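Asker: Those letters in the sequence shown? Residues 1 to 248, per the UniProt record's numbering, in order.
Idealized CB from N, CA, C, for every residue including glycine.
The model shown is predicted, which means the values in this text are computed figures rather than measured ones.
Take this structure, written in structure tokens, and hold onto it; I'll ask about it next.
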Amino acid sequence: MSLHLIIDIGNTKTKTALFKQGKMILLEYSSDTEEKIIRAMIAEHPDIKHSIVSSVRDFPESLILLLKSHCRKVFFFDSHLPVPIENLYESKSTLGYDRLAACIGASGKYPNQNILVIDAGTAITFDFVNSQNQYIGGCISPGLEMRFKALNHFTKKLPLLSHKDEFSLIGKNTHDAILNGVQNGIVFEVDSYITKLKAKHTEFKVVITGGDAKFICHSIQNFSQLESDILLIGLNRILEFNLLHSND
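Written as structure tokens, this is what we have:
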């Protein structure tokens with residue numbers, strides 16, 4: 001049985017995964033060594049026959065040649081690649097591939113449901129796919145690290161902080177005031193967005209993914225489902241869809 005090589009190149013990390021019969025069997029993370037990891041995967045798993053690449057930055061030409069020389073089919077996810085979902089976004093060419101892929105993964109795992117997909121990474125994205133398998137659109141907001149950096153960058157005296165598990169409503173010093181403000185701000189924003197969306201869609205599933213997904217999932221009051229690998233699942237689903245509709 002052939003393997004699928006799934007490559008997701010994000011703003012700060014690269015995820016490389018292997019799928020077999022729709023199930024993920026291996027996952028590797030890297031910061032700037034994706035070429036080494038991908039070459040090692042190909043060397044160790046000769047059954048890799050198909051691959052899909054999603055990237056928010058340039059993909060090395062050497063790796064493109066490597067994939068094309070090894071795989072029967074290589075797909076590069078862009079606005080022209082067919083997907084197993086109806087995309088109703090008005091500016092399809094500017095839609096982040098990670099946003100759409102996560103929704104495709106969620107709609108495949110939870111079919112015939114309204115789903116709000118929240119991806120908490122460099123930015124926090126809110127994306128909605130309905131029970132008719134239609135991607136509607138969403139929102140983009142600054143992520144956790146970006147908010148901490150913004151306070152430090154655009155002021156003269158506020159220090160640069162990072163996420164802490166323990167925080168409260170009221171900070172009694174500047175350090176805690178920043179920590180509480182940033183983290184509560186995200187929690188309140190996510191909870192409020194979900195609550196307001198319920199006024200229009202009484203029933204929908206909330207799926208949270210991304211690097212800061214655990215923080216949000218454990219902090220908000222609304223029920224949510226943590227799905228760390230939903231984007232990779234979506235990319236594999238896109239790959240399978242295009243293989244099924246391929247001419248050869």
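Around the Cβ of N114, are there at least 16 other Cβ atoms within 10 angstroms (buried) or fewer (exposed)?
Answerer: Counting Cβ neighbours within 10 Å, N114 comes out buried, since at least 16 surround it.
Asker: Do three or more CB pairs link the segment 218-233 to the segment 147-160 at distances below 8 angstroms?
Answerer: They do not touch, by the three-pair rule.
Asker: For Q183 versus L235, is the C-beta spacing smaller than 9 angstroms?
Answerer: In this structure, L235 does not lie closer than 9 angstroms to Q183 by Cβ.
Asker: If contacts are defined as beta-carbon pairs under 8 angstroms, then Q134 and E86 qualify, I think. What distance do you get, rounded to the angstrom?
Answerer: Yes, Q134 and E86 are in contact; Cβ-Cβ is about 5 angstroms, under 8 angstroms.
Asker: Helix, strand or coil for E166? Go by DSSP, reduced to three states.
Answerer: E166 falls in the coil class under three-state DSSP.
Asker: What are the start and end residues of each continuous beta strand (DSSP E) run of 3 or more residues lying completely inside the segment 131-189, in chain order?
Answerer: The segment 131-189 contains these whole beta strand (DSSP E) runs: 134-142.
Asker: According to DSSP, is I220 part of a helix, a strand, or is it coil?
Answerer: Coil.
Asker: For H201, which residues from the same chain have a beta carbon less than 7 angstroms from its beta carbon, with the 5 sequence-adjacent residues on both sides left out?
Answerer: Cβ neighbours of H201 beyond the five flanking positions: N114.
Asker: Tell me the rounded alpha-carbon separation between P82 and V117.
Answerer: Each residue's alpha carbon lies about 21 angstroms from the other.
Asker: For S54, tell me which candidate among E44, F77 and E35 has the shortest Cα-Cα distance.
Answerer: With distances taken between Cα atoms, S54 lies closest to F77.
Asker: Any chance the segment 101-112 sits against the segment 190-199, with 3 or more Cβ pairs inside 8 angstroms?
Answerer: Flag = no, the segment 101-112 and the segment 190-199 do not touch.
Asker: May I ask you to report which of helix, strand or coil DSSP gives H70?
Answerer: Three-state DSSP puts H70 in a helix.
Asker: Roughly how many angstroms separate the alpha carbons of L5 and I170, rounded to a whole number?
Answerer: When rounded, the distance between both Cα atoms is 47 angstroms.
Asker: So for N87, helix, strand or coil by DSSP?
Answerer: Strand, per DSSP.
Asker: Check F76 in the structure and name its three-state DSSP category.
Answerer: Three-state DSSP puts F76 in a strand.
Asker: For A199, count neighbouring Cβ atoms within 10 angstroms of its own Cβ and tell me buried if that reaches 16, exposed if not.
Answerer: With fewer than 16 Cβ atoms within 10 Å of its Cβ, A199 is classed as exposed.
Asker: Does the distance from the CB of L18 to the CB of H45 come in under 9 angstroms?
Answerer: Going by C-beta atoms, L18 is nearer than 9 angstroms to H45.
Asker: Buried or exposed: which applies to A150, given that a residue is buried once 16 or more other Cβ atoms fall within 10 Å of its Cβ?
Answerer: Answer is exposed; the Cβ neighbour count stays below 16.
Asker: Could you tell me whether the Cβ atoms of A213 and D119 are closer together than 9 angstroms?
Answerer: Cβ distance < 9 angstroms, so A213 and D119 count as in contact.
Asker: What's the call for A177, buried or exposed, on a 16-neighbour Cβ count within 10 Å?
Answerer: Classification for A177: exposed.
Asker: The alpha helix (DSSP H) with L232 in it runs from where to where?
Answerer: Where L232 is concerned, the enclosing alpha helix (DSSP H) stretches over I230 to L244.
Asker: When you compare the CB positions of S224 and V207, do they come within less than 9 angstroms of one another, or not?
Answerer: For S224 and V207, yes; Cβs fall inside 9 angstroms.
Asker: Answer with buried or exposed for K36, where buried requires no fewer than 16 other C-beta atoms within 10 angstroms of its C-beta.
Answerer: Exposed is the call here.
Asker: With the cut-off set at 9 angstroms, would you say F75 and I52 are in Cβ contact?
Answerer: Cβ atoms of F75 and I52: closer than 9 angstroms.
Asker: Do V136 and L88 have their C-beta atoms within less than 9 angstroms of each other?
Answerer: Residue identity differs from the one stated: residue 136 is Ile in this sequence, not Val. Yes, they are a contact pair.
Asker: Measuring straight from C-alpha to C-alpha, what distance separates I186 and F167?
Answerer: One C-alpha to the other measures close to 13 angstroms.
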